[in-house]
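Colleague: Structure in structure tokens, see below.
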Amino acid sequence: MVDVGYLAILLGLCVSVYAAVATVTGARQGNERILRSARGGAASAAILASVAGVILVYFLVTSNFRILYVWQYTSSDLPAFYKFSALWAGNAGSLLLWVWVLSIYWAIVANSRRFQERLAIPYVSAILAINSVFFFFLLAFVENPFALVPGGVTPAEGNGLNPLLQNPGMVFHPVTLYLGYVGFAIPYAYAMGALITRQVDDLWIKVTRRWTIIAWLFLTLGNLYGAQWAYVELGWGGYWGWDPVENASFIPWLTGTAFLHSVMVQERKDMLKTWNMLLIIITYALTIFGTFLVRSGVVTSVHAFAGSALGPYLLGFMGLMLIFSLYLLVDRLKLLQEGREFESYLSKEASFLVNNLLLVGAAFATFWGTIFPLISEAVRGVKVTVGPPYFEQVDGPILLAMLFVLGVCPLIAWQKANWKNLRESFSLPLASAVVFAIILVFAVPGADWRAVSGFAVAFFVLATIFLEFFRGVRVRARMTGERALTALGRLVWRNRRRYGGYMVHLGVVMIAFAVVGSTFFMHEVTRTVNAGEVITVGDYALTYQGMDYRQEGRNTVYFANLAVKKGTRDLGVVRPEKVEYANWPEMSSEVAIMGSLKEDLYVILSGWGNYGREATIEVHVNPLVSWLWIGGYVLVLGTILAVWPGRDRTLGVRYASASTPRGWISEENDRGV
Amino acid sequence: MRNRGWQRAAIAALAGVVLAVILAGSGAGRSYAAQGVDETLFKKIEANLMCTDGCGMPLATCDNATAQNMRQQIREQLAAGLTEQEIYSYMVGIYGEEVMAAPPPHVPFNLVAWVMPFLAILAGALIIYLALDRWVFDRRQAAHREPDAAEEADLEAYEGVLQREMKKYL
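Below, the structure written as structure tokens:
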């Protein structure tokens, strides 16, 4: 069966190579038979990748330690759930998962009927085939997941899975991230297909809108699940540490978000064509670059991914694709004639440029900070660290400005806004934000001015979103005579794309509140206490009652008992843990979290002595962190709403063709996105 | 007209309040810092340093023995009356620039790290400004050449279409 798995990979490589060549040949000659066989090739690649994937999963679940990968990442006592998730614990398995997702996407695209009448599909398919070739090649010759343990022996027991990876976050974070990463290959492939066939109108954008948004959704989820995992499992007290590996998934998220917005300008205005091409090329390249950062070990990261031989391959592939895409773009530049549609500096399309500037600026800042240690070492020969203080000071203001623009953009009309409308739209949110800020200053004495401005901006955006919903409902209720709630439901459902977008924004605002709150108002106390002693943090009083332990399979779980009181109210007992794994040298922390909408009480057991009579406990009060996750759910719902299919899904009227009178529809009736 | 005056006054008042809030906020921040000098300063120093045993973690989040020792050392130095800068210099002297959690900006080359993102954004803003300028200009020129009479005539027809379309979506 080992041979079947490896054979599937080799065949997958051959089939991908064939499909890449055949699609191009078929398209050039207009030979439908070759094209059909190439489409079959895409489907076969998906089937072969699935075969290899299923076989590896089978080996993992049945603990076949003859396979090096299974031996490296699992042990027989691991719960079946984590045996399965070990599929993406190491390089080889991760690549297999990547190619699995990619080939399925590819098979769907290659066999899709839409866009079929145009010539581009074979080329789109060829681009995806090239990606597939590359990843099958890596599996076949660089990181073979079916390699055997040297010497042909079958070890009795496996190495075990890193305890940090034994968390539900381990299941969701990598998978969503990959679905996102790989998903961006689709709009990229369509963009290249459009360039190759010189059909550079916005059809590729329309066709890939849903792919893009879903890829973006998964990338967002990947980041959020990563944050949650770090928060509950790693016991660093935080959910984001600006580590290179985290940045690697944040940078393409930023450019992807920019792309998502700027394509709307092209859809409506026939402009920014070159820019959109550039953005999707960059985003695609960054997904490969992210994988390179994670897998190569060129930058110091707290995430212990073993450095491997993959680095140069990934970098080389990214370089080749980048050169190819940029060459193509420059070569077709003349075709990308921009429409003449900008009427005013003060318009939604102009504000989208600002949005793009800030998003891409933040992406650049993060990228620059992430690679600066390499630059410093190359230029000066001195190693430097670029850590949280840098990103907080550089990315912080940019992202805050971005948040502000997020409030402003949706309210500015397409075409040409006028000051009167803007004043009407903004005076209320601005005033309420200022009032909110003043209340905050008095309610929380000693609040950092950055926190106050962060909250004020977030509140401003919240108010603008609320106002948009309120106005929509009022107009609708007045015109149809429906009751407010019915009007709200119908309004949102009939304008899914627009109000879905607003919901996503609402989710982002909630996340912003959580980030500002937890960054600036976090309390932290670390104390070594004897049994009976009390640790006081904010309103909380934790009484240490002693240590205890229990046996979980071969692992020993040590935990401290702390009775929690808030004011006079008893909140029960929290039990932060340290787990000693039978097959892992270091103990791992399990944080105890007592959460509420207002704040999380977050307790870490740092260590103990004197047979548990004394213990060192780290207690954090992290305000508003739950809103990070709630915001995440709102964002997911909004995204699903925005891409939900059906008759009413878009209101994206394209009214600015050459013969349409301008100006009269945009201001009053359409501020939508 | 009177209305406009009101609005202007309101905007001016808003701007004033924003400014006051910002000033009040920064003032409040300082007084807060002054209250608990030792612990706040310690936290600040901790946040600006890295753990030095190659774990790659910021000192503030690291929990291993090396990190504990470093924290102890910082506390002792603070107690001995060393200033924040002196502690940083001491740490950099022993462990090199790498010990700082962000590239120290007094090294000229490190300024590149700090300034580059903002320069890039400024450059981007300039490009956007120039592009917008050209596009808006182009557009206005094009608009001048178009005969307006036809559009006027179409307007009524479009008004009807608009009403019908709006009904459809509501």
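Line by line, the protein sequences are chains A and B. Its first residue numbered 88, the first sequence is counted upward by one per residue in the numbering used here. Its first residue numbered 23, the second sequence is counted upward by one per residue in the numbering used here. The beta carbon of each residue, even a glycine, is placed where N, CA and C say it ideally should be. These figures come from a predicted structure and were not determined experimentally.
Any beta carbon from chain A within less than 7 Å of residue 88 of chain B's own beta carbon?
Modeller: So no, residue 88 of chain B is outside the interface.
Colleague: Once you ignore the five residues that flank residue 736 of chain A on each side, which residues in its own chain have a CB closer than 7 Å to its CB?
Modeller: Residue placement at residue 736 of chain A is poorly supported in this model, since its pLDDT is 42, which falls under 50; the coordinates are not used for a value here.
Colleague: Below 8 Å on C-beta distance, what does residue 158 of chain B contact in chain A?
Modeller: Simply 429, 430, 431, 432.
Colleague: Helix, strand or coil for residue 171 of chain A per DSSP?
Modeller: Residue 171 of chain A: helix per DSSP, three-state reduction.
Colleague: Do you know how far the Cα of residue 682 of chain A is from the Cα of residue 610 of chain A?
Modeller: Roughly 15 Å between the two C-alpha positions.
Colleague: Can you list, in chain order, the residues of its chain with a C-beta nearer than 8 Å to that of residue 386 of chain A? Leave out the 5 residues immediately preceding and following it.
Modeller: The answer, listed in chain order, is 331, 380, 457, 458, 460, 461.
Colleague: Does DSSP classify residue 86 of chain B as helix, strand or coil?
Modeller: Looking at residue 86 of chain B - three-state DSSP - the assignment turns out to be coil, as it is neither helix nor strand.
Colleague: Please confirm whether residue 372 of chain A and residue 405 of chain A have their CB atoms less than 7 Å apart.
Modeller: Closer than 7 Å, so yes.
Colleague: Beta-carbon of residue 43 of chain B versus every beta-carbon of chain A: anything under 7 Å?
Modeller: Note that residue 43 of chain B has pLDDT 42, beneath the 50 cutoff, so the model's placement of it is unreliable and the number below is only indicative. Interface residue, yes.
Colleague: Please go through the same chain and pick out, in chain order, the residues whose beta-carbon is closer than 6 Å to the beta-carbon of residue 327 of chain A, but skip the five residues on each side of it.
Modeller: Here the set comprises 314.
Colleague: CB-CB under 8 Å to residue 358 of chain A, same chain, minus the five flanking residues each way: which ones, in chain order?
Modeller: Correct list, in chain order: 352, 425, 426, 428, 429, 436.
Colleague: Quick check on residue 123 of chain A: buried or exposed, where buried means 16 or more other Cβ atoms within 10 Å of its Cβ?
Modeller: Looking at its Cβ environment, which holds fewer than 16 other Cβ atoms inside 10 Å, residue 123 of chain A is exposed.
Colleague: Does the beta-carbon distance from residue 266 of chain A to residue 305 of chain A come in below 7 Å?
Modeller: Yes, these two residues count as a Cβ contact at 7 Å.
Colleague: Is the shortest distance between the beta-carbon of residue 116 of chain B and the beta-carbons of chain E less than 7 Å?
Modeller: Annotation note: the requested chain E is absent from the structure, which comprises protein chains A and B.
Colleague: Ends of the alpha helix (DSSP H) at residue 636 of chain A?
Modeller: Looking at the DSSP string, residue 636 of chain A is not in any alpha helix (DSSP H); the run it does join, the beta strand (DSSP E), is 627-639.
Colleague: Taking Cβ-Cβ distances below 9 Å as the criterion, which residues of the segment 117-143 of chain B are in contact with chain A?
Modeller: Answer in chain order: 118, 119, 120, 121, 122, 123, 124, 125, 126, 129, 131, 132, 134, 135, 136, 138, 139, 140, 142, 143.
Colleague: Does the separation of the CB atoms of residue 186 of chain A and residue 222 of chain A fall below 7 Å?
Modeller: Contact: yes.
Colleague: Which residues of chain B have a Cβ atom closer than 7 Å to the Cβ of residue 467 of chain A, listed in chain order?
Modeller: Near residue 467 of chain A (Cβ distances below 7 Å), the residues of chain B are 131.
Colleague: Since residue 600 of chain A is in the alpha helix (DSSP H), which residue starts that stretch and which ends it?
Modeller: First-last of the alpha helix (DSSP H) with residue 600 of chain A: 583-607.
Colleague: Quick one: is residue 414 of chain A buried, meaning 16 or more other Cβ sit within 10 Å of its Cβ, or exposed?
Modeller: So residue 414 of chain A counts as exposed.
Colleague: When we look at the beta-carbon of residue 707 of chain A and count the other beta-carbons within 10 Å, is it buried (16 or more) or exposed?
Modeller: When all chains shown are included, residue 707 of chain A counts as buried.
Colleague: At a CB-CB cut-off below 8 Å, which residues of chain B make contact with residue 512 of chain A?
Modeller: Under the 8 Å cutoff, chain B gives no residues; its nearest Cβ is about 13 Å from residue 512 of chain A.
Colleague: Per the contact definition of three or more C-beta pairs closer than 8 Å, is the segment 219-237 of chain A in contact with the segment 140-158 of chain A?
Modeller: Yes, the segment 140-158 of chain A touches the segment 219-237 of chain A.
Colleague: Out of A/376, A/170, A/281, point me to the one whose CA is closest to residue 254 of chain A's CA.
Modeller: Closest option to residue 254 of chain A, Cα to Cα, is A/170.
Colleague: Write down the C-beta distance between residue 272 of chain A and residue 107 of chain A rounded to the nearest angstrom, noting that I regard them as a contact closer than 8 Å.
Modeller: At roughly 14 Å, the Cβ-Cβ gap does not stay under 8 Å, so residue 272 of chain A and residue 107 of chain A are not in contact.
Colleague: Please compile the residues from chain B whose C-beta is within a distance smaller than 9 Å of the C-beta of residue 477 of chain A.
Modeller: What residue 477 of chain A touches in chain B: 123, 124, 125, 135, 136.
Colleague: Looking at residue 520 of chain A: is its Cβ nearer than 7 Å to the Cβ of residue 478 of chain A?
Modeller: Result no, Cβ atoms of residue 520 of chain A and residue 478 of chain A do not sit closer than 7 Å.
Colleague: For a contact meaning CB atoms closer than 7 Å, what does residue 69 of chain B contact in chain A?
Modeller: Near residue 69 of chain B (Cβ distances below 7 Å), the residues of chain A are 476.
Colleague: How big is the Cα-Cα spacing for residue 364 of chain A and residue 403 of chain A?
Modeller: The straight-line gap from Cα to Cα measures roughly 21 Å.
Colleague: Residue 182 of chain B: buried (16+ other C-beta within 10 angstroms of its C-beta) or exposed?
Modeller: With fewer than 16 Cβ atoms within 10 Å of its Cβ, residue 182 of chain B is classed as exposed.
Colleague: Tell me the DSSP bridge mates of residue 646 of chain A?
Modeller: In the DSSP output, where bridge partners are listed per residue, residue 646 of chain A has A/635, A/664.
Colleague: In the DSSP assignment, find the alpha helix (DSSP H) that holds residue 620 of chain A and state where it starts and stops.
Modeller: Where residue 620 of chain A is concerned, there is no enclosing alpha helix (DSSP H), given that its DSSP letter is neither H nor E.
Colleague: Output yes or no for whether 7 Å exceeds the beta carbon distance between residue 70 of chain B and residue 123 of chain B.
Modeller: Result yes, Cβ atoms of residue 70 of chain B and residue 123 of chain B sit closer than 7 Å.
Colleague: From which residue to which residue does the beta strand (DSSP E) around residue 695 of chain A run?
Modeller: Looking at the DSSP string, the run of the beta strand (DSSP E) that includes residue 695 of chain A is 686-696.
Colleague: For residue 83 of chain B, which residues in chain A fall below 8 Å Cβ to Cβ?
Modeller: Ordered by position in chain A, the residues that pass the 8 Å Cβ test against residue 83 of chain B are 323, 324, 325, 328.
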